[in-house]
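*Asks:* Counting in the working numbering, the sequence shown runs from 10 upward without gaps.
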Amino acid sequence: MMLGASAIRVGAQDRATGKTRFGFDQGREGDLFLVCVRAAKGPARIKSMDYAPALAVPGVVRVFTAGDIPGQNRLGIIPVSKDQEFLAQGLVRHYGQAVALVAAESREAALAGARAVRVELEDLPGVFDPAEALAAGAPLVHADRAEGNLLKENRIIKGDAEAALARSAVLVEAEYAIGRVEHAALEMEGGRAYYQDGRVIVKACTQNPHYDQGDLALFLGVEPDRVRVVQAETGGGFGGKLDVSVQPYLALAAWHLKRPVRMAYTREETFLATAKRHPFRMRYVSGADEEGRLTAVKAELLSDTGAFASYGLAVCMRAAVHATGPYLVPNVAVNCRMAYTNNTWNGAMRGFGVPQVALAHEGQMDALAAALGMDPLELRLKNALRADQATATGQVLKSGVGLTQCLERLRPIYEAWRHGLSHGGWHRQGVGLGCMYYGIGNTGVSNPSTAQMEWLPDGRVVLYTGVAELGQGSDTVLRQLAAQRLGLEPEEIDLCRGDTDRTTNAGASSASRQTYISGNAVLNAADNLEELLLTGARELLGARHLDLDLRGRLILEKGGQGRTLEVKEVARFLASEGREIKAGGRFDPNFTALDPATGQGRPYAAYAFAAQCALVEVDTASGLVKVKEVAAAHDVGRAINRRAVMGQICGGVMMGVGMALMEEYQQGSTDNLQNYHIPTAADAPRVTPLIVEEPEETGPYGAKGVGEPALIPTAPAVAGAVSQALGRPMRRLPLNLERVMEAITTAEDQQP
10 MMLGASAIRV GAQDRATGKT RFGFDQGREG DLFLVCVRAA KGPARIKSMD YAPALAVPGV
70 VRVFTAGDIP GQNRLGIIPV SKDQEFLAQG LVRHYGQAVA LVAAESREAA LAGARAVRVE
130 LEDLPGVFDP AEALAAGAPL VHADRAEGNL LKENRIIKGD AEAALARSAV LVEAEYAIGR
190 VEHAALEMEG GRAYYQDGRV IVKACTQNPH YDQGDLALFL GVEPDRVRVV QAETGGGFGG
250 KLDVSVQPYL ALAAWHLKRP VRMAYTREET FLATAKRHPF RMRYVSGADE EGRLTAVKAE
310 LLSDTGAFAS YGLAVCMRAA VHATGPYLVP NVAVNCRMAY TNNTWNGAMR GFGVPQVALA
370 HEGQMDALAA ALGMDPLELR LKNALRADQA TATGQVLKSG VGLTQCLERL RPIYEAWRHG
430 LSHGGWHRQG VGLGCMYYGI GNTGVSNPST AQMEWLPDGR VVLYTGVAEL GQGSDTVLRQ
490 LAAQRLGLEP EEIDLCRGDT DRTTNAGASS ASRQTYISGN AVLNAADNLE ELLLTGAREL
550 LGARHLDLDL RGRLILEKGG QGRTLEVKEV ARFLASEGRE IKAGGRFDPN FTALDPATGQ
610 GRPYAAYAFA AQCALVEVDT ASGLVKVKEV AAAHDVGRAI NRRAVMGQIC GGVMMGVGMA
670 LMEEYQQGST DNLQNYHIPT AADAPRVTPL IVEEPEETGP YGAKGVGEPA LIPTAPAVAG
730 AVSQALGRPM RRLPLNLERV MEAITTAEDQ QP
């Protein structure tokens, strides 16, 4: 099969026929059931807790509290910010935080036991607004922090933004805002755990099994090898399953009770007890010269991490790095602050802060185009980053810079839509643009991946990878890469994935990193496996210096006698000598840390680029916005699996439509899918995915990633289209009925 072909997704048939067992499907006969007792308010002090009534409920086996945790009760995905208590210890920091855990013979008994626990809470002063949290004298969410409620502050300083703005021909200044968003993955969190031979084995939904292993070992106070984590099939994540959820509770109960246990969140519990997309408030000042070239961007960004850090450090840094968008900006002054509050905690969600700043930097480009009397697409083309130009952090890009190609692919569609706009009656149409760039992998830190490949004596080839598959298609793509390198068909390669006993750390399935980083690790493992086989062939032939070539299942001698060996002969020879035919690979992107004062550096080795345009129709009688069409051009470097890339783009667009028009998490009121609205088939626009392949020289066969990039430009494009339709900028998401109607009525009131 040629690279770039649309291989059938690994496991697709089992998923389509309902055979796949997800995290919450892991239970077996005889398992105990676990249910959390959650605080009815917060912040608060736990004055007393009486769980004797719960123990009196038939079927309840035990109630766990923070005092039962044998190890560390503060966990977190980023080592320097582990601050999340999985069972509140004295203080409740947010509404819904777990204070106890009930284990029972049935789910009904566990639920009854949880209801029977008596928890007396004393209200404490809280803070729920990030600006107020950073004010002097604000109540502290974590009293032991010297920095108070400031989790992190990141600056990007390049040139002299103030001086450049002062001499700019055109200035635009505006404020933007985006609320919190729920991941709403199809699968709720769930899993199973048991105790065996002095170890705890946890099988649950996750995006990072090896990280989970480390945190659970800390939680239990044991060495990591006493914890085994196996990734259950995971039905969606979008960042929401990067933080541990049910895993600590499963491990704690299995450790103490020495019995198998299971746990599954309800949809309401998922809403209450898992991370959300960070809300942002953004104030921008952008300048340009008479010809439309950007002169400077100044931005003040403020976000709320909630009660716990989670991915707040990463979101703060990435938002700052990407705040100017995919444009050449000679002078930059960005300041991003991340504050603790007593709100539900916020974490990773598809883009790590880049979707939020994209709304602002694209809104600024539209405002500049209007002020200059330029076409918005032409303004973007004029300022688009190109090879040998520097980003806001001073990184000079060398390859894989495909934004201009994306914009040119959009041009005919964009122009046709613009020329065909209808403004008749109650309905107004608009066309908007959104561009983005996205650094592949973690920001300015080492984030390696590892993999192993084994050629078995029976002829099968096994790929071992710690990569978590959660619907993004990594199982399929990594197998395609391995097959391409070894000259095999993907179906000839077996996959062992996501088991801390059998695979090594590949890092988290996040930051669109797995195709690029783990793909390179797989190719490195294949290189080493080939060398191991060729060395064995030379030994078998008794000629150490033969020039040999691996061609699928054959080893050929170059020149000389032209001898041929079947790989299985070499495999059997090596096996007869007790030698394992297994080789490992590793890849860590080339990066430099960002300067703490200026944010200058090389935070990523590769970037994805994209441009999307949206055609919308606004019903001015009701405020209803219908996204009719979206064209999405994405530079993916090289499409390893073309159909999978198209699927990612279409899925990302749909998530972007939800973010643009309807999704906003309100603590305490949007607790299920009845009152938290996500797009349905009725809301789906016609999507035209356009694949641009501008190879990244360091990528596996030129590939980059498309997971997060698929989402990022959609909401800015939709917002721009609605702004054009209404004749006024729309700068706060989501553009729900109330906000659109307010804009319409305000505009009508202002007419003479």
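Ideal Cβ positions, reconstructed from N, Cα and C, are used throughout, including at glycine.
The structure displayed is predicted, hence computed values, not measured ones.
Taking the beta carbon of VAL636 as the centre, do at least 16 other beta carbons fall within 10 Å, making it buried, or is it exposed?
*Replies:* Mapped onto the sequence shown, residue 636 falls at position 627. VAL636 comes out buried.
*Asks:* Could you check if ALA113 is buried or exposed, using at least 16 other CB atoms within 10 Å of its CB as the buried criterion?
*Replies:* What you label residue 113 is simply residue 104 of the sequence shown in a count that begins at 1. Burial call: buried.
*Asks:* Going by alpha carbons, who is nearest to GLY409 out of GLY321, TYR613 and PHE289?
*Replies:* Working through the sequence shown from its first residue, we reach residue 409 at position 400. For the residues GLY321, TYR613 and PHE289, the minimum Cα distance to GLY409 belongs to TYR613.
*Asks:* For THR452 and ASP221, I'd like the C-alpha separation in whole angstroms.
*Replies:* Taking the sequence shown and counting its residues from 1, the one referred to as residue 452 is at position 443. Taking the sequence shown and counting its residues from 1, the one referred to as residue 221 is at position 212. Near 21 Å, if we compare the C-alpha coordinates of ASP221 and THR452.
*Asks:* Comparing alpha-carbon positions, which option in MET358, ALA425, ALA602 and LEU337 lies nearest ALA399?
*Replies:* Your numbering for residue 399 matches position 390 in the sequence shown. It is LEU337.
*Asks:* Just checking, does the region 137 to 153 make contact with the region 254 to 264 on the three C-beta pairs under 8 Å criterion?
*Replies:* The answer is no - the region 254 to 264 does not touch the region 137 to 153, with fewer than three Cβ pairs under 8 Å.
*Asks:* Is LEU388 near PHE228, with beta carbons less than 8 Å apart?
*Replies:* Along the sequence shown, read from residue 1 onward, the residue named residue 388 stands at position 379. Along the sequence shown, read from residue 1 onward, the residue named residue 228 stands at position 219. No. Outside cutoff.
*Asks:* On the three-state DSSP scale, how would you describe ASP510?
*Replies:* Translated into the one-based positions of the sequence shown, residue 510 becomes position 501. Three-state DSSP puts ASP510 in coil, outside helix and strand.
*Asks:* Using the Cβ count rule (16 or more neighbours within 10 Å means buried), how would you classify ASN745?
*Replies:* For the purposes of this step, residue 745 is identified with residue 736 of the sequence shown, where counting begins at 1. ASN745 should be labelled buried.
*Asks:* What would DSSP say about TYR258, mapped onto helix, strand or coil?
*Replies:* The residue labelled residue 258 in the question sits at position 249 within the sequence shown. Here TYR258 sits in helix by DSSP.
*Asks:* On the DSSP letters alone, give me the boundaries of the alpha helix (DSSP H) that VAL89 sits inside.
*Replies:* On the sequence shown, position 80 is the one that residue 89 refers to. Element bounds for VAL89: n/a, residue is neither H nor E.
*Asks:* Take ALA49 as the anchor and find which of GLY39, PHE33, ALA97 and GLY646 has the nearest alpha-carbon.
*Replies:* For the purposes of this step, residue 49 is taken as residue 40 along the sequence shown, with counting starting at 1. If we check each option's Cα against that of ALA49, ALA97 comes out closest.
*Asks:* Can the beta-carbon of ARG651 be found less than 8 Å from the beta-carbon of SER15?
*Replies:* Here residue 651 is taken as the residue at index 642 of the sequence shown, counted from 1. Here residue 15 is taken as the residue at index 6 of the sequence shown, counted from 1. Cβ atoms of ARG651 and SER15: closer than 8 Å.
*Asks:* With a CB to CB cut of under 6 Å and the five nearest residues on each side skipped, what residues in its chain are close to ARG359?
*Replies:* Locating residue 359 in the sequence shown gives position 350, counting from the first residue. Result list for ARG359: PHE247, GLY248, GLU717 and LEU720, in chain order.
*Asks:* For the alpha helix (DSSP H) that CYS659 lies in, which residues bound it at each end?
*Replies:* The count along the sequence shown starts at 1 and reaches residue 659 at position 650. Start and end: 651 to 670.
*Asks:* By how many angstroms is the C-alpha of MET326 removed from the C-alpha of GLN609?
*Replies:* Start at 1 with the first residue of the sequence shown, and residue 609 comes out as number 600. Start at 1 with the first residue of the sequence shown, and residue 326 comes out as number 317. For GLN609 and MET326, the distance between alpha carbons rounds to 12 Å.
*Asks:* Do three or more CB pairs link the region 207 to 219 to the region 310 to 322 at distances below 8 Å?
*Replies:* With the cut-off at 8 Å, the region 207 to 219 and the region 310 to 322 do not touch.
*Asks:* Below 8 Å on the Cβ atoms is my contact criterion, and I expect ILE753 with LEU742 to pass it. Report the Cβ-Cβ distance as a whole number of Å.
*Replies:* As a first step, residue 753 is located in the sequence shown; it is residue number 744 there, counting from the start. As a first step, residue 742 is located in the sequence shown; it is residue number 733 there, counting from the start. Actually they are not in contact, since the Cβ atoms of ILE753 and LEU742 sit about 17 Å apart, beyond 8 Å.
*Asks:* State the CB to CB distance for the pair LEU559 and LEU542, rounded to an integer number of angstroms; the pair is presumed to be in contact (CB under 8 Å).
*Replies:* Along the sequence shown, read from residue 1 onward, the residue named residue 559 stands at position 550. Along the sequence shown, read from residue 1 onward, the residue named residue 542 stands at position 533. Confirmed, about 6 Å.
*Asks:* What are the partner residues of SER58, as DSSP defines its beta bridges?
*Replies:* The residue labelled residue 58 in the question sits at position 49 within the sequence shown. What sits at residue 58 in the sequence shown is Met, not Ser. Paired residue(s): VAL128.
*Asks:* My assumption, with CB atoms under 8 Å, is that THR513 sits in contact with VAL639. Please give the rounded CB distance.
*Replies:* Here residue 513 is taken as the residue at index 504 of the sequence shown, counted from 1. Here residue 639 is taken as the residue at index 630 of the sequence shown, counted from 1. Actually they do not touch by this definition, with Cβ atoms about 40 Å apart.
*Asks:* Please say whether VAL190 and TYR674 have beta carbons closer to each other than 8 Å?
*Replies:* Numbered from 1 along the sequence shown, position 665 holds the residue referred to as residue 674. Numbered from 1 along the sequence shown, position 181 holds the residue referred to as residue 190. Yes, the Cβ-Cβ distance between TYR674 and VAL190 is below 8 Å.
*Asks:* Is the distance from the Cβ of ARG346 to the Cβ of LEU386 below 8 Å?
*Replies:* By 1-based counting over the sequence shown, the position of residue 346 is 337. By 1-based counting over the sequence shown, the position of residue 386 is 377. Their beta carbons are not under 8 Å apart, which means ARG346 does not touch LEU386 by this criterion.
*Asks:* Is TRP426 closer than 8 Å to LEU670 when the C-beta atoms are compared?
*Replies:* Position 661 of the sequence shown, counting from 1, holds the residue named residue 670. Position 417 of the sequence shown, counting from 1, holds the residue named residue 426. No, they are not a contact pair.
*Asks:* With DSSP run on the structure shown, which of helix, strand or coil describes GLY122?
*Replies:* Taking the sequence shown and counting its residues from 1, the one referred to as residue 122 is at position 113. Of the three classes helix, strand and coil, the one that applies to GLY122 here is helix, per DSSP.
*Asks:* Mapping the DSSP letters down to three states, classify THR314 as helix, strand or coil.
*Replies:* Translated into the one-based positions of the sequence shown, residue 314 becomes position 305. Strand at THR314.
*Asks:* Specify the secondary structure class of ALA380 as computed by DSSP and reduced to three states.
*Replies:* Here residue 380 refers to the residue found at position 371 when the sequence shown is read from its first residue. Of the three classes helix, strand and coil, the one that applies to ALA380 here is helix, per DSSP.
*Asks:* Give the straight-line distance between the Cα atoms of PRO761 and GLN438, rounded to the nearest whole angstrom.
*Replies:* Here residue 761 refers to the residue found at position 752 of the sequence shown. Here residue 438 refers to the residue found at position 429 of the sequence shown. The pLDDT assigned to PRO761 is 46, lower than 50, so where the model puts this residue is not dependable; a value taken from the coordinates is nonetheless given after this. Looking at the two C-alpha atoms, the distance is approximately 23 Å.
*Asks:* Output the distance between the C-alpha atoms of GLY51 and ALA592, rounded to the nearest integer angstrom.
*Replies:* Translated into positions along the sequence shown, residue 51 becomes position 42. Translated into positions along the sequence shown, residue 592 becomes position 583. If I take the Cα positions, the gap works out to 52 Å.
*Asks:* Can the beta-carbon of SER527 be found less than 8 Å from the beta-carbon of ALA460?
*Replies:* Numbered from its first residue, the sequence shown carries residue 527 at position 518. Numbered from its first residue, the sequence shown carries residue 460 at position 451. In this structure, ALA460 lies closer than 8 Å to SER527 by Cβ.
*Asks:* Can you give me the Cβ contacts of MET58 inside the same chain, cut-off strictly under 6 Å, excluding the 5 residues immediately before and after it?
*Replies:* Here residue 58 refers to the residue found at position 49 when the sequence shown is read from its first residue. Once the five neighbours on either side are set aside, the close Cβ partners of MET58 are VAL128.
*Asks:* To test your reading of the DSSP string, which unbroken beta strand (DSSP E) runs of 3 or more residues are found completely within the region 198 to 268?
*Replies:* With a minimum length of 3 residues, the continuous beta strand (DSSP E) runs that stay inside the region 198 to 268 are 199 to 205, 208 to 213 and 236 to 240.
*Asks:* Pull up the distance between the alpha-carbon of LEU110 and that of LEU160, whole angstroms please.
*Replies:* By 1-based counting over the sequence shown, the position of residue 110 is 101. By 1-based counting over the sequence shown, the position of residue 160 is 151. Near 29 Å, if we compare the C-alpha coordinates of LEU160 and LEU110.
*Asks:* I need the boundaries of the alpha helix (DSSP H) containing TRP435, first residue and last residue.
*Replies:* On the sequence shown, position 426 is the one that residue 435 refers to. Premise fails: TRP435 is in no alpha helix (DSSP H) and is neither H nor E.
*Asks:* Once DSSP output is grouped into helix, strand and coil, what is the label at GLN683?
*Replies:* Locating residue 683 in the sequence shown gives position 674, counting from the first residue. In this structure, GLN683 counts as coil in the three-state DSSP scheme.
*Asks:* Using the three-state DSSP reduction, which class does GLU618 fall into: helix, strand or coil?
*Replies:* Walking along the sequence shown from the start, residue 618 turns up at place 609. Reading the sequence as shown, one finds Phe at residue 618 and not Glu. PHE618: strand per DSSP, three-state reduction.
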